[in-house]
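Enquirer: Can you keep this structure in mind? I'll have questions shortly.
There are 2 protein chains.
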Amino acid sequence: MTDALSHDQLLDRLGEIAVRVGLNLQPGQQVVLSAPLGAVALVRRITEHAYKAGAGLVTTLYSDDVTTLARFQYGTEGSFDTAAAWMGEGVARAFREGAARLAITGGDPTLLAGQNPEHLSRASRAASRANRPAMELISQFATNWCIVANATPAWAAQVFPDLPPDQALQALWQGIFSASRVDGPDPLRAWKDHDATLLARARMLNEARFDALQFSGEGTDLRIGLADGHHWAGGAETTRSGLVCNPNIPTEEVFTTPHARRVSGRVSSSKPLFHQGALIDGIEVRFEEGRITEAHANTGNDVLQRLLDTDEGSRRIGEVALVPHSSPISRSGILYRNTLFDENAASHIALGQAYAKCLVNAEGQTEAELAERGANQSLIHVDWMIGNATIDVDGLKDGRLTPLMRNGEWVSPAHTNA
Amino acid sequence: MTDALSHDQLLDRLGEIAVRVGLNLQPGQQVVLSAPLGAVALVRRITEHAYKAGAGLVTTLYSDDVTTLARFQYGTEGSFDTAAAWMGEGVARAFREGAARLAITGGDPTLLAGQNPEHLSRASRAASRANRPAMELISQFATNWCIVANATPAWAAQVFPDLPPDQALQALWQGIFSASRVDGPDPLRAWKDHDATLLARARMLNEARFDALQFSGEGTDLRIGLADGHHWAGGAETTRSGLVCNPNIPTEEVFTTPHARRVSGRVSSSKPLFHQGALIDGIEVRFEEGRITEAHANTGNDVLQRLLDTDEGSRRIGEVALVPHSSPISRSGILYRNTLFDENAASHIALGQAYAKCLVNAEGQTEAELAERGANQSLIHVDWMIGNATIDVDGLKDGRLTPLMRNGEWVSPAHTNA
Ligand SMILES: [Zn+2]
Ligand SMILES: [Zn+2]
Ligand SMILES: [Zn+2]
Ligand SMILES: [Zn+2]
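In structure tokens, the structure reads:
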């Protein structure tokens, strides 16, 4: 920690890390930046660093919680299947023409709680369809992209309900700066070291080529088959054109594609899940041949059931990720109610869409071919924390188990220079 | 005036008039709303009224003076020819698919003063090209559209430099509310009456079918030939699909397409012109066969010369508009430094692009055919005030002059029910 840094200095560092480490922005690239209105100060820091790095043009697409909510408060019944397909296609074209994508997260997580769930689900489905061309390019790393976080009073109030607003906002910023590794003496160096650690973990798992992972612990006895030719990723990624970017700031996970038809057993959630403003907690689920056949949540069960009924693929998983219980975000003890942070506090699985990036030689294969290899397909991708201090993880290969994690921690250290 | 109305009530009325009178928004239409960041409050009022009117989706594209400026402060030499063609095409697609377009004006008029003029002009040209598909649809009234204004501290400081910031902002809002006719007892009725007055003027001029207009007065002796099959417009417009919208709030002008090769004589500006943050004042110009052959400005002459050298069409005019010297905006005595207001304070001509809408039977004609009829083509359209209390205007037909304006006022009253 460098106590001498002011908020403005830390914010500037976050902007610089987003541009240089997150995007690794190249001269001449355009940037498509999406941000909540409350992130204007961070947008301005990012924009300045992007132009200094040679950006051709930075275009910011702001969202506003107030007008997002107004739609559900005042919109007419026929309007909720509408989406901005023209914008989705425009952004996809930007990516195809080489623009980088930077997304700032941090809206009010409970904004839409209390709105008509059927309207929310129709609007969300329409938006997913409209954004699909752009999202596919993102998930294929057709261009360099990155997500960073921005604290807002509404989000801070959710994370620190017992603090006065000013202190809550400050505490959330502190958490973001710390988890994003910009509060130390040399953020660029810190990211280099961190990427090396995650890369070493992913390499070890890629070399082991496990057939399945076995999760065991309180309430959990789950075998997750891995997709044929699965690939473990973590930290920095390489785009199709060979650029190295860091898509998530922060990140602590190594993750891969499970086999959508080879998951069996039972698992319970280790942290609450926030979906469209609703809290889902105390989830218990049974898998048979990859499909969730029984599911129940102590809180938000109706939201969970609706989520599972989204489409064919929403009852199967598209990601499994390993995060040690001692990860900095986990140790902070903060429940951020934001996936970018909470998924990096615990090992997790994700309902829904798989990442093509987490399969070797996926380029050029059809959706049917990827599905045949075990990659799940869905409009949703919802991460769901299952790791905690009691969980053991073993790798299964040719019937033999190799201990990977015990009591939530890696058995062997990563081989890095860090 | 209704003194009892609060600022918030007037702002809400402006939002309602923009949606109901400006756009005449239809149920199911999307809205593409562009706005400076300082207009968030007005954007929220507009969005609420749009959803209440049945909007499918309202998408706001915010611009930020700080990041606009950052581009010219920190951008690298190679970057200034870049534009967001992906966004221009996306917005054009939105319009083709039926979205309405609402633009909020009101950024800092001097924002870019002092930046490298060559960078500004390259960036502006690139942006014009990228936005051309969308702008063509707008000028053809392929969809319903409207521009309204929002006061910001930076703009207010320019308009009222002698007032303290709070009072300047309040005075600018008062000017906007008043010119936009939302401060009376019944704004919807006021707009209906006003549209009827402008329509009556335009109808009179369309029936007269003048060959040319003769402007005479201090420093001005100018004959402006009108395009073959020119059409006078003013106030409400009708889109291709038959929707009646009010593209400019406020508006006081009736205007048509001059013949790009039939303008001759000399003319001097009656009000300063603001272009890309620069002030151009004391302009004197000579036309021969439609082309500006001599031009000089007492202030900003270099900016004027660069403007005239933009392209082939920037030395010819694409619009002539009649506004009485007694128009409310003129009487307010406020120089807004914003075209939407200042062009409605005086008769004016515009350097550059003509409106296809101001030609009868223009639909389906090629650019060459329109040019043959006298319609000018250019990347620019810059309005330039030439009317004042000394100006007389006559209509010329078959060699005979008909008095239209004397000392800046209409000779005959408009025939309306107002
Ligand atoms: Zn994950
Ligand atoms: Zn995930
Ligand atoms: Zn005009
Ligand atoms: Zn004009």
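As they're listed, the protein sequences go chains P and L.
Take any residue in the first sequence, note its place counting from 1, add 7, and you have its number in the numbering used here.
Take any residue in the second sequence, note its place counting from 1, add 7, and you have its number in the numbering used here.
For every residue, glycine included, the Cβ atom is placed at its ideal position computed from N, Cα and C.
1. So the candidates are LYS364(L), GLY82(L), GLY394(L) and ASP401(L); which of them puts its Cα closest to the Cα of LEU144(L)?
2. Closer than 5 Å is what we want: which residues have a beta carbon that near any heavy atom of ligand 6? List them in chain order.
3. Find the residues of chain P that neighbour TYR58(L), judging by a C-beta separation of less than 8 Å, and give them in chain order.
4. Taking the alpha carbon of ALA234(P) as the point to measure from, which residue in LEU32(P), LEU220(P) and ALA60(P) has its own alpha carbon closest?
5. Within 8 Å: the Cβ of HIS237(P) and any heavy atom of ligand 2?
6. Enumerate, from N- to C-terminal direction, the unbroken alpha helix (DSSP H) stretches of 4 or more residues contained entirely within the segment 311 to 351 of chain P.
7. Would you call the CB atoms of LEU44(L) and ASP15(L) closer than 9 Å?
8. For GLU291(P), does the three-state DSSP call read helix, strand or coil?
9. If you run the structure through DSSP and keep just helix, strand and coil, what is HIS282(L)?
10. Quick check: ASP390(L) and GLU350(L), are their CB atoms within less than 9 Å of each other?
11. Buried or exposed for LEU195(L), going by 16 or more other Cβ atoms inside 10 Å?
12. Is it true that the CB of LEU109(P) sits closer than 9 Å to the CB of LEU40(P)?
13. Scan the segment 102 to 134 of chain P for residues whose Cβ lies nearer than 8 Å to a Cβ of chain L and list them as they occur along the chain.
14. If you run the structure through DSSP and keep just helix, strand and coil, what is GLY22(L)?
15. Indicate whether the contact test is met: 3 or more Cβ pairs, each with one atom in the segment 289 to 309 of chain L and one in the segment 242 to 254 of chain L, closer than 8 Å.
16. Assuming GLY113(L) and ALA175(L) are in contact, meaning their beta carbons sit under 8 Å apart, how far apart are those beta carbons, in whole angstroms?
17. Can you find a C-beta in chain P that's less than 9 Å from the C-beta of ASP15(L)?
18. From the DSSP output, read off the bridge partner residues of GLY402(P).
19. What residues are listed by DSSP as bridge partners for VAL274(P)?
20. Measure the CB-CB distance between ARG278(L) and LEU179(L) and report whether it falls below 9 Å.
21. On the criterion of 16 or more Cβ atoms from any shown chain inside 10 Å, does VAL418(P) qualify as buried, or is it exposed?
22. Cβ atoms of ARG129(P) and PHE102(P): under 9 Å apart, would you say?
23. For GLY22(P), would you say it is in contact with chain L, using Cβ-to-Cβ distances shorter than 9 Å as the test?
24. In three-state DSSP terms, what is THR423(L)?
25. Whose C-beta lies closer than 6 Å to the C-beta of ALA161(P) among residues of the same chain, with five residues either side of it excluded?
26. Using three-state DSSP, classify VAL98(L) as helix, strand or coil.
27. Which residue marks the beginning of the alpha helix (DSSP H) containing ALA209(P), and which one marks its end?
28. Applying the criterion that 16 or more other CB atoms from any shown protein chain within 10 Å of the CB defines a buried residue, is VAL367(L) buried or exposed?
29. Is the number of C-beta pairs between the segment 374 to 392 of chain L and the segment 183 to 192 of chain L that are closer than 8 Å three or more?
30. My assumption, with CB atoms under 8 Å, is that HIS303(L) sits in contact with ALA328(L). Please give the rounded CB distance.
31. Just tell me which of LYS404(L), ASP228(L) and ALA158(L) has its CA closest to the CA of ASN213(L).
32. How many angstroms separate the CA atom of THR317(L) from the CA atom of ALA382(L)?
33. Tell me the rounded alpha-carbon separation between GLY82(P) and GLU23(L).
34. Select from the segment 24 to 41 of chain L all residues with a C-beta closer than 9 Å to any C-beta belonging to chain P, and list them in chain order.
Expert: Inspection of the coordinates gives the following:
1. The residue you call residue 144(L) lines up with position 137 of the second sequence. That would be LYS364(L), whose Cα lies nearest to the Cα of LEU144(L).
2. In the structure on display, ligand 6 does not appear, and the ligands it does have are ligand 1, ligand 2, ligand 3 and ligand 4.
3. Numbered from 1 along the second sequence, position 51 holds the residue referred to as residue 58(L). TYR58(L) reaches chain P at ALA77, ARG78, GLN80, TYR81, GLY82, THR83 and SER86, counting residues in chain order whose Cβ is nearer than 8 Å.
4. Counting from one through the first sequence, the residue named residue 234(P) turns up at place 227. Checking every option, the nearest Cα to that of ALA234(P) belongs to LEU220(P).
5. Your numbering for residue 237(P) matches position 230 in the first sequence. Incorrect: HIS237(P) has no Cβ contact closer than 8 Å to ligand 2.
6. 335 to 339 and 346 to 349
7. Within the second sequence, numbered from 1, the residue matching residue 44(L) stands at position 37. Within the second sequence, numbered from 1, the residue matching residue 15(L) stands at position 8. No, the pair does not count as a contact, with Cβ atoms beyond the cut-off.
8. The residue you call residue 291(P) lines up with position 284 of the first sequence. Correct three-state label for GLU291(P): strand.
9. Position 275 of the second sequence, counting from 1, holds the residue named residue 282(L). Note: HIS282(L) maps to strand in three-state DSSP.
10. For the purposes of this step, residue 390(L) is taken as the residue at position 383 of the second sequence. For the purposes of this step, residue 350(L) is taken as the residue at position 343 of the second sequence. Pairing ASP390(L) with GLU350(L) gives a Cβ-Cβ distance under 9 Å.
11. As a position in the second sequence, residue 195(L) is number 188, starting the count at 1. Its Cβ having fewer than 16 others within 10 Å, LEU195(L) is exposed.
12. Counted from its first residue, the first sequence places residue 40(P) at position 33. Counted from its first residue, the first sequence places residue 109(P) at position 102. Yes. Within cutoff.
13. GLU104 and ALA106
14. Stepping through the second sequence from its first residue, residue 22(L) is reached at position 15. Helix at GLY22(L).
15. no
16. Here residue 113(L) is taken as the residue at index 106 of the second sequence, counted from 1. Here residue 175(L) is taken as the residue at index 168 of the second sequence, counted from 1. The pair is not a contact, with the Cβ atoms about 13 Å apart (cut-off 8 Å).
17. For the purposes of this step, residue 15(L) is taken as residue 8 along the second sequence, with counting starting at 1. Cβ-Cβ to chain P under 9 Å: no for ASP15(L).
18. Within the first sequence, residue 402(P) is the residue found at index 395, counting from 1. Looking at the DSSP assignment, GLY402(P) forms a beta bridge with LEU220(P) and THR409(P).
19. On the first sequence, position 267 is the one that residue 274(P) refers to. Beta-bridge partners assigned by DSSP to VAL274(P): VAL292(P).
20. On the second sequence, residue 278(L) is found 271 positions in, with the first residue counted as 1. On the second sequence, residue 179(L) is found 172 positions in, with the first residue counted as 1. The question names Arg, yet the displayed sequence has Lys at residue 278(L). Taking 9 Å as the Cβ cut-off, LYS278(L) and LEU179(L) do not qualify as a contacting pair.
21. Along the first sequence, one-based indexing puts residue 418(P) at 411. VAL418(P) is exposed by the Cβ-count criterion.
22. The residue you call residue 102(P) lines up with position 95 of the first sequence. The residue you call residue 129(P) lines up with position 122 of the first sequence. No; because the gap between Cβ atoms is not below 9 Å, this pair is not in contact.
23. Position 15 of the first sequence holds residue 22(P). Not closer than 9 Å to any Cβ of chain L, the Cβ of GLY22(P) fails to qualify, so no.
24. Along the second sequence, one-based indexing puts residue 423(L) at 416. A caution first: THR423(L) carries a pLDDT of 44, below 50, which makes its placement in the model too unreliable to give a value.
25. As a working note, residue 161(P) is residue 154 in the first sequence. The residues are ASP115.
26. Stepping through the second sequence from its first residue, residue 98(L) is reached at position 91. Reduced to three states, the DSSP call for VAL98(L) is helix.
27. Locating residue 209(P) in the first sequence gives position 202, where the first residue counts as 1. Its alpha helix (DSSP H) spans residues 194 to 215.
28. Locating residue 367(L) in the second sequence gives position 360, where the first residue counts as 1. When all chains shown are included, VAL367(L) counts as exposed.
29. no
30. Against the second sequence, residue 303(L) aligns to sequence position 296. Against the second sequence, residue 328(L) aligns to sequence position 321. The beta-carbon distance between HIS303(L) and ALA328(L), rounded to whole angstroms, is 23 Å. This is too long to meet the 8 Å contact definition.
31. Looking up residue 213(L) in the second sequence gives position 206. Ranking the options by Cα distance to ASN213(L), first place goes to LYS404(L).
32. Here residue 317(L) refers to the residue found at position 310 of the second sequence. Here residue 382(L) refers to the residue found at position 375 of the second sequence. Going by the C-alpha atoms only, they are around 18 Å apart.
33. Position 75 of the first sequence holds residue 82(P). Position 16 of the second sequence holds residue 23(L). CA-to-CA, the gap between GLY82(P) and GLU23(L) works out to about 15 Å.
34. PRO34, GLY35, GLN37 and VAL39
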